[in-house]
Amino acid sequence: MTLNLFYFLSFVAVFAAVLVVFSKSPVSSVLYLIIAFFAIAGHYVLMNAEFLAAVHVIVYAGAIMVLFLYVIMLLNLNKESEPHKSNLLKFAAAICAGLFMIVLVGSLKGADTMIPQQVANGQTGLVKNLGKILFTEFLLPFELASILLLAAMVGAVMLGKSEPK
Amino acid sequence: MITVFLLTWPLLAALLLFVLKPGNAKVFTLVASLVELLASIIMAFQFVKDDTVQFAVNVNWITSLGINFSVGVDGISLLLVLLTTVLVPLIILSSFSKTYEKQSTFYGLVLIMQMALIGVFVALDGFLFYLFWEMALIPIYFICLIWGGENRGVITLKFFIYTLAGSLVMLVALVYLYFQTPGSHTFDIQALYQAGRGLSAYEQGLVFWAMFIAFAIKMPVFPFHTWQPDTYTTAPTQGTMLLSAIMLKMGIYGLIRWMIPLVPVGVMDWGLTVVVLSVIGIVYASCIAIVQKDVKRLVAYSSIAHVGLIAAGLLTLTATGIQGAMIQMLSHGILVFAMFYIVDIISDRTKTRSLAELGGIRNVAPVLSTVFIIVMLGSVALPITSGFVGEFLLIRSLVEYHFILGAVAGLTIILGAIYMLRTFQKSMSGETNAITATFADLTQQEKIVLYPIVILIFVIGIYPTPILEISEAATANIVNLFSAYADSIK
Amino acid sequence: MNALLIICGLGILSLVAEIANLKKWLTVFVMVGLVAAAGLIVLDWGTVRSYYSDMVLFDDFAVSFTALILVASFFWFWMSGDYFSNQPHKTDRSALILFAITGAICMVSFNNMAMLFLGIEILSISLYVLAGSNKESLNSNEAAFKYFIMGSFATGFLLMGIALIYGATGSFNITKIAAHISTHIDSLPGFFYTGVLLMLVGMTFKISAVPFHFWAPDVYAGSPTTITAFMSTVVKIAAFGAFYKIFSFCFNSVHSSWVLVIQIMTVLTLVIPNITAVYQNNIKRMLAYSSVGHVGYLLLVVVANTTGASGTILYYLTAYSIASLLAFTILHLLEGSGENNELETFNGLYKRNPWLASALTIAMLSLAGIPPLAGFFGKYMVFALALQQGYVELVLLAVGTSLVGVYYYFKVIVAMFFKDSSSTSIPLTLSSQLILAILVVLIFLLGLFPDWMITRLAIH
Amino acid sequence: MVPIEYYLYLSATLFTIGVLGVLYRRNAIIVFMCIELMLNAVNLIMVAFSNYLNDGAGQVFVFFIMAVAAAEVAVGLAILIMMYRNTRTTDINILNRLKW
Amino acid sequence: MVGIDFLISLVPLMPLLGFLLVALSGKSLGQGVTSVIACGAVLISFLVSVYLFTELLSAPEDQRFLTATLFDWIKTGGFSASISFLVDPLSSLMLLIITGVGFLIHVYSIGYMHDDAGFNRFFSYLNLFVFFMLLLVMGSNYLLMFVGWEGVGLCSYLLIGFWFKNQNYNDAANKAFIMNRIGDLGLLLGVILIVMNFGSLQYSEVFAKATTVDPQTITLITILLFIGAMGKSAQIPLYTWLPDAMAGPTPVSALIHAATMVTAGVYMVVRNNILYTLSPVSLELIIIVGLATALFAATIAIKQDDIKKVLAYSTVSQLGLMFVALGLGAYTTGIFHMATHAFFKALLFLCAGSVIHALQGEQDIRKMGGLKKYLPITYLTFLVGVLAISGIPPFAGFFSKDEILAHAFEHNPIIWGVALLASLLTVFYMFRLFFLTFYGKERASHDVMHHIHESPQSMAVPLIVLAVLSLVGGFMNVPEALFGSAWLSEFLAPVVAQSTALREVHHLSHATEYMLMGVVISFTLIIIGITYNRYAAKHHVPVAGNESGGLQRTLYNKYYIDELYDGIIVKPLYWISEKLDVAIERLAIDKLVNTVGGSVVWGSRGLRFLQNGGIGFYIFIMVISIILILTISVIR
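Below, the structure written as structure tokens:
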């Protein structure tokens, strides 16, 4: 059952991801990407990371993709404004990606030899557990993440703001 | 301590020049260089003529890298230090009739150059030697770049990169040897000697070539010489003098101090190749000198030929050869200085260096032409001039080494006569022309520079024994060390 | 650790300054803060302390790199005073720079992949913005855009690498990972090595080693000159510190799996940027290539993989940074008087401003590695290390490329001393004279007395 | 329980599709999205490992990745807008003044 | 009483002093003071030489040598050469000739150079020359000889190019110096081989060890030394400089290019007689070269029209004869002929100078003629010279030339035949010269004839003295066959003692000698008759460009040897040099160096297109690189 669900979600994720790349309209790309994110969220649930799945949906689908859509609307990009790359380049891109896939997968050997150190107990992804790790062990990174976001915010404002001439 | 004084005094004077920018920088520099000369003379008088290193100073500098500020003087070093300290005041004096822009910078660079040159000759630490070696390059580069002639940008850059290329390879070899020294590694000369001799024949060959190329480019030995005629031609006269009269000796000194005792097997294996190259260079450069039209360029080629003989004689590894090289270095230094000065006097007054446009100067400038003749005779190694003593010893060592090579090297006395006489004839003899008709004879100040040179030419030519004695013991030391080592590995 | 906090605090203070109307004194305040931070970090010298559940580890390596970053930042603030003054986003810029420095400190003191990652990102995101801070300029736009696209693309690889390594070792903690590697050296899964290599890609992108250097020349050339100076000094120190820490400390046991790649990259990094730089007529772009070229020499140390090499790297970076700062200061001064960065601008500078020209000459000589300047000793120690390990061919190649380097650095010198110019001389303020003098003196001091630094920094 | 290598391969596939997108498209927004896809592939494998190793740190790390992704998108889109304002295009190859 | 060392040193030092005084004072000295200093210096040398000569005579035969050592000159690496002098019979004889003839020529020059602007310079050069020449013959080691050897070459160069405004003269000077240098190289190599094989440069030590050294080495050494002699003494193939050297003032030709310097080769061979004796091959070579030169130069002289050129070729020819004598092992004979030749050739040159002086610089004998009555002293003294060189008894040349011929006959009649032919040709061209100059119509222009005058006292007196010497000089070595005591041979015996001990001495019977003398004298008289008939009686005057037949034209053009040398040596040297400069230096070596630099720039130009500015392209490269990196690690 779990395995079937995995296959289904994987198919949805990959299929949506491919459509992100190949769809003509940016808006549909965004929508396909949201589908892919939901599929990935499904995987998280499958792996007992329910909290993460929720955060994932909120951050990605809720915030990031909305931002994308907003910018697309703002710049009025929802048309085939993109000049096409030549077929040769597209072909080259596909070949490159294919080769990359082959070497990446080829180099990922040995995962089957890995023995789990502990039996998965399904407790890992709980809010309680994660919160404990986040606010004890990863306290400093957590604080730094705030600096990061602050920097991003300041930067985005600085760049995005149109200067009074 | 006097060694340290010799090194720090010019630097100090140069810094003062840079900062104070005195109006009469010429005089200031002259006085500074005379003080330096005095110090070196005091040193020469205190020097004991044996094979020890004297006036040695050894201060820890970069301990973690095994680098010490270790300097000292033996007979070989002393002669070259003297050459430097004698010539630098003369070079400065020779510039008195010129006004260089930003003269305090110019003279400051000359003094820094002097410091670096002396440093090269007294360094007893491999790294220190390298450091001074490179430091000598920088002031001369700027002297040529700022005050040089046409097209100097490209030419001086070629000169800089070419010589730097050689010395970097030398540095690689030095570091390689450094890691062969025992314990926590050191650049001390004796330790490097030990390390070098401990290498296999193949490794010694590699080190030999790495070092030799650096020295060969500096001297320069055929076929590493092509930077030289252009650079000599384009450099301001004082720069050319520094380059040819003193700096070139760095390469030869390097051979004596930093190559022959360092990798004896390499020297034995490859000595013949170098001698052959040098001998080819003698004939080759002489031939090219014959057809040169620019006097300065001609002298540049003649210098290659002379240096070729020195290098060849040196690599015979005999006491005669090395002693010949020593005396010839001094002789070549003063002769080439005088030659370039005369060329400068001529080109200053006639605004040309082309042989075809000169002629008849003898009619109007007898003193100059007499000095020219004397310098020319020294340069073609006529007996009782300084040139002969060295050339005789060198050719003798070469004949001993290999008769045919010696005979071919001996061609220098014929070819040298051909291009020198041709130069004299074209520039000095004949009827005056429009350019030379108003030529003025030597001024007092020019005489002050040239007369001591003339005297030196004859003194070295007639009574070289005291000079030979200075380096005798040190030379014998090298030869004995070498032959003892050569015997032991047989 | 306190230094990190101080810098963070300064960053936030900058933002507050906008409101609290402290703008005037901001730069001074920041500089004082930097000095204080540097002072505090130096006090930590000789101790090894980890903070916040082993997130950061301030050992001698971290302390010395942090100190260097702070000193470089100090000079950077000094030289680029007018980058902040009379600008609408003065406080924002200042804050971003300080955040970037925070990121940089994290990058050299991390003991956890999370810290490394966050450090890199804080630094990068601030820089993406700063590169584009000249909003009207298309060049600046392009620089920001290129940097951003390529940077985030490379981040993807870096993260994939971290993920795979996490999967193989079960930890993000550097010490634990290193311990795990050495105890399980024979039973590591294949994807661990993939992870190492992907991290290598991500990190070499940050240090801009060939073939992941393409962003560097364009971004350096397009960004405002002060930001270029920041990138080629502070950022480079941090990036290389992080790279060295990861690969020479953490992944040292699996040296053989990545050293070949690094060797190839070293060769490429020595050859390609140095040769490309020869044809550049824009000094800023030339310095960008040269900056990439210098990475090649640093990589040589990584290839040599000896213990105690961090001192060499630090020395090299110090020498390089000081010379770069000097060069960029002069570039910035020239820009300030309305001149551009083309080679022709430098024609006859010696006649116009002899001291300026001499200072730039010294910077160029040091960058080219001419004794007895600091740059020479940097190169020397690198070569010596590599020779000690028997990489003679690589050293000879490096010698060759440094000759090429001499060629392009000297092009500037030739232009200054040889060519003639009609422009007038540039008036120098006391402050800029002072910084030039200090930097020149530092170059000489470091060159003449390298022992002071080497013996203290021969870490591990 | 899904074997870990399945997740590895899935993640690799998604990552590659992201790379393909970056190579294939010229529209900067799509390129951004593809980079997001790559980051998500990393998230996926990270969670899989976390689950597999029974270690929460991996999932915490994913939070940071999300934060960074958000920050990057914010800054990236700001840069895009700035660029668009000056060039009226989102083609990644149009702005091509800095070269050689 | 001053020490003998001082006296010996005084001989060369006096001319040096004279040189320094005259040279350093520049033009401040008047002509009078200059001539007193210059002549006085040489005169003192001469007087000291005479004293030294008497000292030697009074010493027992085996102790006839005096030495003086001043200081170590070059001393290094177990090798030393000192400044030390040796006066033995050979050098003392040379001293007498050099200082004696030198003094006469100095005196002569006072008159000859009277109105020349370079009067002081001329005398300083002359004194310098005498100094070097004395050094050459007095040096007690090879290196000192080499010093003199090169020094006289230098003075020769300076004096040939004395009138430096004329570039042709300068060419001649350069030619002389360079050709001499070719020989000098041989000599230098020889000297070096000597020091290598004998471990010393001191004559006494070298000669003592002569028999212990490998004969082949000795042959090599002697041949190299002889190459030096070829250059200095103008033997084939290095003789062409000497006729050109006539560009110098005539006293110079007399002193340097006739009496002293050119005989240095002879001196050198005699000095090294033991080495040559040990090397038959070298002796054969000397004979061949000497004979060839004697004949060759004599034939050329027949067709020359320049009074000094004829004398120059005559000198070359006579030197050839001297070398024949040396080659035959008759060292004292060679020296004897050298001495007599010094007298009469100096005389002839000075007479020629007198003629030229009288005709205001005219040297072409086709423009002379009939000078007998205008220049009586010159005429008479010239006649003495001609008779002497022709070997008419009892003039000096007769005895010396006869000795050579006798030795030649004794060795091989063919040599005798060729030598005889050469000396008969000498008779022909000398009398041709004599008759064309002094007999017949006056062919000089009216203007010149108007100013003609006999030379002043200072010129005439040396002529007379030399004429007397030419007349009586032969008596110093009258052979036993003519009831003489062969004094000179006896005197020089210690010098050649080692050689004499090694050689079997054959003596021709007196009858044979008489017969040979008779043949020679009768042939000589016949030739004189022919010449008189042709040039004095029939007033035959050669006309330029009128040579009938190829042989004559070839002779007139000196066998085209100058052109030959120009074609096979000078031009190729310049051609090769030019090619080296253009092709090798610029197009090969420098080009190679520049190509290295150029390729970097070229590579830079190409490589920078890699940085094409497109993000898409950059990312492509990145991905491809990642693929490669992963591939490498997968493969490993």
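Chains as they are written, first to last, in the working numbering: chain A, 1 to 165; chain B, 1001 to 1490; chain C, 2001 to 2460; chain D, 3001 to 3100; chain E, 4001 to 4636.
Using N, Cα and C, we set each Cβ at its ideal position, and we do this for glycine too.
- Task: Kindly indicate which three-state DSSP category GLN2087 (chain C) falls into: helix, strand or coil?
- Result: When secondary structure is reduced to three states using DSSP, GLN2087 (chain C) falls in the coil class, being assigned neither helix nor strand.
Complete alpha helix (DSSP H) runs within the segment 4263 to 4335 of chain E (minimum length 4 residues, chain order):
Taking 4 residues as the shortest admissible run, the segment 4263 to 4335 of chain E contains the following complete alpha helix (DSSP H) segments, listed from N- to C-terminal end: 4264 to 4271, 4273 to 4277, 4280 to 4302, 4307 to 4327.
Neighbourhood of SER4485 (chain E) by C-beta, 6 angstroms cutoff - its chain only, sequence neighbours within 5 removed: Within the same chain, SER4485 (chain E) has no close Cβ partners at all.
message = Tell me which residue opens and which closes the beta strand (DSSP E) that LEU89 (chain A) is part of.
response = Element bounds for LEU89 (chain A): not the beta strand (DSSP E) but the alpha helix (DSSP H), 87 to 107.
query: Interface residues of chain C around GLY3056 (chain D) at Cβ under 8 angstroms?
result: Those within 8 angstroms of GLY3056 (chain D) in chain C number zero; the least Cβ separation is about 11 angstroms.
- prompt: Quick one: is LEU1017 (chain B) near chain E, going by C-beta distance under 9 angstroms?
  reply: no
Cβ atoms of ALA3057 (chain D) and SER3050 (chain D): under 9 angstroms apart, would you say? yes
For TYR1463 (chain B), the nearest candidate out of B:PHE1388, B:LYS1447, B:LYS1426 (CA to CA) = B:PHE1388
message: Run through the DSSP bridge pairs and tell me what TYR2051 (chain C) is partnered with.
response: C:VAL2056
DSSP beta-bridge partners for THR4076 (chain E)?
Its beta-bridge partners are E:PHE4079.
- Message: Across the segment 2213 to 2229 of chain C and the segment 2281 to 2296 of chain C, are there enough close Cβ pairs to call them in contact, namely three or more that are closer than 8 angstroms?
- Response: yes
When you compare the CB of ILE2275 (chain C) with every CB in chain E, is at least one pair closer than 9 angstroms?
Closer than 9 angstroms: yes.
- prompt: Nearest CA to the CA of LEU4466 (chain E): which residue from E:PHE4409, E:LYS4401, E:LYS4345?
  reply: E:LYS4345
Please name the residue or residues paired with ALA1123 (chain B) in a DSSP beta bridge.
-> B:VAL1071
| Curious, which full-length alpha helix (DSSP H) runs of at least 4 residues does the segment 2107 to 2148 of chain C contain? | 2113 to 2131
Is the separation between the beta-carbon of SER4458 (chain E) and that of ILE4110 (chain E) shorter than 9 angstroms? yes
Just to make sure I have the definition right: I need the residues of chain A whose C-beta is within less than 8 angstroms of the C-beta of PRO2371 (chain C). Which are they? Around PRO2371 (chain C), no beta-carbon contact reaches into chain A at under 8 angstroms, the shortest distance being about 42 angstroms.
> Can you tell me whether ASN1058 (chain B) is buried or exposed, with buried defined as 16 or more other CB within 10 angstroms of its CB?
Replying inline: exposed
Going by DSSP, what residues sit across from ILE1062 (chain B) in a beta bridge? B:ILE1067
- Which runs of the alpha helix (DSSP H) spanning at least 4 residues fall entirely within the segment 2224 to 2275 of chain C, listed in chain order? If we require 4 residues or more, the alpha helix (DSSP H) runs fully inside the segment 2224 to 2275 of chain C come out as 2225 to 2230, 2236 to 2244.
At the level of alpha carbons, what is the spacing between MET4001 (chain E) and LEU4066 (chain E)?
In this prediction, MET4001 (chain E) has a pLDDT of 46, which is less than 50 and means its spatial position is unreliable; nothing more can be read from the coordinates.
query: By a C-beta neighbour count over all protein chains shown, 10 Å radius and 16 as the cutoff for buried, is MET1001 (chain B) buried or exposed?
result: exposed
Can you tell me which of the three DSSP states VAL4418 (chain E) falls into?
-> helix
Within chain B, partners of ALA2384 (chain C) - CB distance below 9 angstroms
LEU1065, VAL1175, TYR1178, PHE1179
Beta-carbon proximity check, LEU4488 (chain E) vs ILE4335 (chain E), cutoff 9 angstroms: yes
Does the separation of the CB atoms of GLY1333 (chain B) and SER1379 (chain B) fall below 9 angstroms? no
Euclidean distance between Cα positions of ILE2148 (chain C) and ALA151 (chain A): The sequence as given places Phe at residue 2148 (chain C); Ile does not occur at that position. Looking at the two C-alpha atoms, the distance is approximately 15 angstroms.
If you run the structure through DSSP and keep just helix, strand and coil, what is ASN3054 (chain D)? coil
Check: Who are the near neighbours of PHE2191 (chain C) in its chain, counting only those whose CB is closer than 6 angstroms to its CB and skipping five residues on each side?
Finding: LEU2164
* Which class does GLN4202 (chain E) belong to by DSSP, given the choice of helix, strand or coil? -> strand
Does LEU1479 (chain B) have its Cβ less than 9 angstroms from a Cβ in chain E?
The residue asked about is misnamed: residue 1479 (chain B) is Val in this sequence, not Leu. Chain E has a Cβ within less than 9 angstroms of the Cβ of VAL1479 (chain B).
- chain C partners of MET3082 (chain D), CB-CB under 7 angstroms? GLY2132, LYS2135, ASN2141
- Query: Going by other Cβ atoms of all chains shown within 10 Å of its Cβ, with 16 needed for buried, is ALA4258 (chain E) buried or exposed?
  - Reply: buried
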